[in-house]
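The next block holds one structure in the form of structure tokens; read it before the comments.
Residue numbers (the working numbering), protein chains in the order written: chain H, 1 to 331; chain B, 1 to 112.
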């Protein structure tokens, strides 16, 4: 294989020991379409038993890169992302980039002002603001997990939890020692009343009182420290508020961008839908079932990464590839 | 009641989900803020949210507010008097000047 040059749109696909190359690849081994889609996305899948060398997928691939009978589809989002592959822009793009940059700066500030900064790991790959520009930020699971993981690990929050725990513990201890003092006092008085020797009981009481004094000091200190940490947390809330506002603004901008993008490709989508084999379009193209809609979207998107095909509508994988104008890995 | 405040989109969404799934634990819900019942279950739901979202969830505990126990008479009387003032456009600072009513500055300095 060493003499062969992989051109940008030629795909190299290995399943086990079998290597195939080309724009249209037919896989005869029994593998899951989703496993192959993972390989297209990440390079390998199934513990390395599947490998794909091909141009990197664009965001629209998430939606239409694996065509299988049981698939779901977020049509509007997919359409908007397809529009992006065609170089479409919206009037919101600059604002999106600006707000995303501000938000990133705030997140870095939050991480920086956090005590023990070494504990927060912000170094995940960030999607470019425009690549996720057309979807609601909350509905991007990778971003959410990334953000949530960081938030739960802030040192300030953990310090506050530790402080609360410490304050509660010292308070409990102090209460227990108070009871000891009361008991010791009671025993001392009882012994006095009965004319018994009080030396030992007096010493016990003195010890208990000394312990109580120590415990009360500790408790007061813990409460004070708790107060200080609470103040620090409150100050961070201002930072959080600003982040939150920006998050909302960003999501709104992305929603509007998505709407504009969908509008821009809607007609082409409707036309392409009508050309999908074995499909009769209904009234609203956006209501089309997942498989025909995904086919139409894949077709109108500028795809360079291969589409995993696990459906039977075309005469041949080659015909599918031509129709989609994309490399195809037929499962 | 437990006051639960969300500080991010993700935590707000999960807060709303608690309301949808456990209506009887949520006394009141206002988008990103909710009042949970002061029960173990209410605390459980609040703590779950904090475990998942860390700093992005704030939990406070409210107490019924008895102004007769907690607030000096002068402050209570000032509030009543001011709301019944004759000149609507008069700011409180001017209203209180030269009277026995407490000044805003001194009230701001005094914790309940």
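Even glycine gets a Cβ: it sits at the ideal position worked out from N, Cα and C.
Bear in mind that the values here come from a model prediction, so they are computed numbers and not experimental data.
Test item: CB-CB of residue i and residue j under 9 Å
{"i": "residue 309(H)", "j": "residue 293(H)", "result": "no"}
{"i": "residue 270(H)", "j": "residue 67(H)", "result": "no"}
{"i": "residue 79(H)", "j": "residue 303(H)", "result": "no"}
{"i": "residue 36(B)", "j": "residue 1(B)", "result": "yes"}
{"i": "residue 170(H)", "j": "residue 218(H)", "result": "yes"}
{"i": "residue 201(H)", "j": "residue 180(H)", "result": "no"}
{"i": "residue 226(H)", "j": "residue 177(H)", "result": "no"}
{"i": "residue 88(H)", "j": "residue 264(H)", "result": "yes"}
{"i": "residue 275(H)", "j": "residue 82(H)", "result": "no"}
{"i": "residue 29(B)", "j": "residue 16(B)", "result": "yes"}
{"i": "residue 69(H)", "j": "residue 329(H)", "result": "no"}
{"i": "residue 39(H)", "j": "residue 331(H)", "result": "no"}
{"i": "residue 14(B)", "j": "residue 52(B)", "result": "yes"}
{"i": "residue 110(H)", "j": "residue 236(H)", "result": "yes"}
{"i": "residue 167(H)", "j": "residue 222(H)", "result": "yes"}
{"i": "residue 64(H)", "j": "residue 84(H)", "result": "no"}
{"i": "residue 74(B)", "j": "residue 59(B)", "result": "no"}
{"i": "residue 155(H)", "j": "residue 114(H)", "result": "yes"}
{"i": "residue 288(H)", "j": "residue 277(H)", "result": "no"}
{"i": "residue 41(H)", "j": "residue 55(H)", "result": "no"}
Inter-residue spacing [alpha-carbon to alpha-carbon] between residue i and residue j
{"i": "residue 86(H)", "j": "residue 249(H)", "result": "26 Å"}
{"i": "residue 75(H)", "j": "residue 286(H)", "result": "7 Å"}
{"i": "residue 78(B)", "j": "residue 102(B)", "result": "7 Å"}
{"i": "residue 81(B)", "j": "residue 106(B)", "result": "18 Å"}
{"i": "residue 100(B)", "j": "residue 39(B)", "result": "44 Å"}
{"i": "residue 327(H)", "j": "residue 305(H)", "result": "7 Å"}
{"i": "residue 4(B)", "j": "residue 52(H)", "result": "48 Å"}
{"i": "residue 279(H)", "j": "residue 242(H)", "result": "48 Å"}
{"i": "residue 253(H)", "j": "residue 259(H)", "result": "10 Å"}
{"i": "residue 348(H)", "j": "residue 71(H)", "result": "This structure cannot settle anything about residue 348(H), because the visible part of chain H is limited to 1 through 331."}
{"i": "residue 48(B)", "j": "residue 231(H)", "result": "23 Å"}
{"i": "residue 157(H)", "j": "residue 107(H)", "result": "15 Å"}
{"i": "residue 133(H)", "j": "residue 69(B)", "result": "With a pLDDT of only 44 at residue 133(H), under 50, the local geometry of the prediction cannot be trusted, and the value read off the model is given with reservation. Rounded to the nearest angstrom, the two C-alpha atoms are 54 Å apart."}
{"i": "residue 199(H)", "j": "residue 215(H)", "result": "24 Å"}
{"i": "residue 135(H)", "j": "residue 104(H)", "result": "Because residue 135(H) carries a pLDDT of 44, less than 50, the predicted location of this residue cannot be relied on, and the following value inherits that uncertainty. The straight-line gap from Cα to Cα measures roughly 18 Å."}
{"i": "residue 34(B)", "j": "residue 27(B)", "result": "8 Å"}
{"i": "residue 315(H)", "j": "residue 325(H)", "result": "15 Å"}
{"i": "residue 100(H)", "j": "residue 93(H)", "result": "10 Å"}
{"i": "residue 41(B)", "j": "residue 20(B)", "result": "15 Å"}
{"i": "residue 72(B)", "j": "residue 87(B)", "result": "25 Å"}
{"i": "residue 161(H)", "j": "residue 229(H)", "result": "10 Å"}
{"i": "residue 25(B)", "j": "residue 65(B)", "result": "21 Å"}
{"i": "residue 161(B)", "j": "residue 23(B)", "result": "Given a span of 1 to 112 for chain B in the structure shown, any question on residue 161(B) remains unanswerable."}
{"i": "residue 175(H)", "j": "residue 197(H)", "result": "28 Å"}
{"i": "residue 283(H)", "j": "residue 77(H)", "result": "20 Å"}
{"i": "residue 17(H)", "j": "residue 290(H)", "result": "34 Å"}
{"i": "residue 108(B)", "j": "residue 112(H)", "result": "33 Å"}
{"i": "residue 186(H)", "j": "residue 63(B)", "result": "36 Å"}
{"i": "residue 323(H)", "j": "residue 244(H)", "result": "44 Å"}
For residue j and residue i, believed in contact at Cβ under 8 Å, the rounded distance
{"i": "residue 23(H)", "j": "residue 13(H)", "result": "Not a contact, Cβ separation roughly 11 Å."}
{"i": "residue 15(H)", "j": "residue 27(H)", "result": "6 Å"}
{"i": "residue 92(B)", "j": "residue 56(B)", "result": "Contact flag wrong, Cβ pair sits at about 36 Å."}
{"i": "residue 257(H)", "j": "residue 96(H)", "result": "6 Å"}
{"i": "residue 190(H)", "j": "residue 205(H)", "result": "No, residue 190(H) and residue 205(H) are not in contact; Cβ-Cβ is about 12 Å, not under 8 Å."}
{"i": "residue 251(H)", "j": "residue 273(H)", "result": "Actually they do not touch by this definition, with Cβ atoms about 29 Å apart."}
{"i": "residue 76(B)", "j": "residue 83(B)", "result": "About 11 Å separates the two Cβ atoms, so there is no contact after all."}
{"i": "residue 32(B)", "j": "residue 61(B)", "result": "About 18 Å separates the two Cβ atoms, so there is no contact after all."}
{"i": "residue 246(H)", "j": "residue 102(H)", "result": "6 Å"}
{"i": "residue 46(H)", "j": "residue 35(H)", "result": "5 Å"}
Those residues which DSSP pairs with residue i across a bridge
{"i": "residue 177(H)", "result": "Per DSSP, none; premise fails for residue 177(H)."}
{"i": "residue 329(H)", "result": "25(H) and 308(H)"}
{"i": "residue 11(H)", "result": "22(H)"}
{"i": "residue 50(H)", "result": "15(H) and 45(H)"}
{"i": "residue 44(B)", "result": "Answer by DSSP bridge pairing: none, since residue 44(B) is not bridged."}
{"i": "residue 6(B)", "result": "57(B)"}
{"i": "residue 67(H)", "result": "309(H)"}
{"i": "residue 35(B)", "result": "3(B) and 28(B)"}
beta-carbon residue i near the ligand GDP non-hydrogen atom, thresh 8 Å
{"i": "residue 323(H)", "result": "In terms of ligand content, the structure shown is empty, and the ligand GDP therefore cannot be addressed."}
Proximity test, Cβ basis, 9 Å: residue i and chain D
{"i": "residue 240(H)", "result": "Any reference to chain D falls outside this structure, whose protein chains are H and B."}
> Which ranges would you report for the beta strand (DSSP E) in the region 49-74 of chain B if only whole runs of at least 3 residues count?
Replying inline: Those beta strand (DSSP E) runs which fall completely within the region 49-74 of chain B and span 3+ residues are 57-61.
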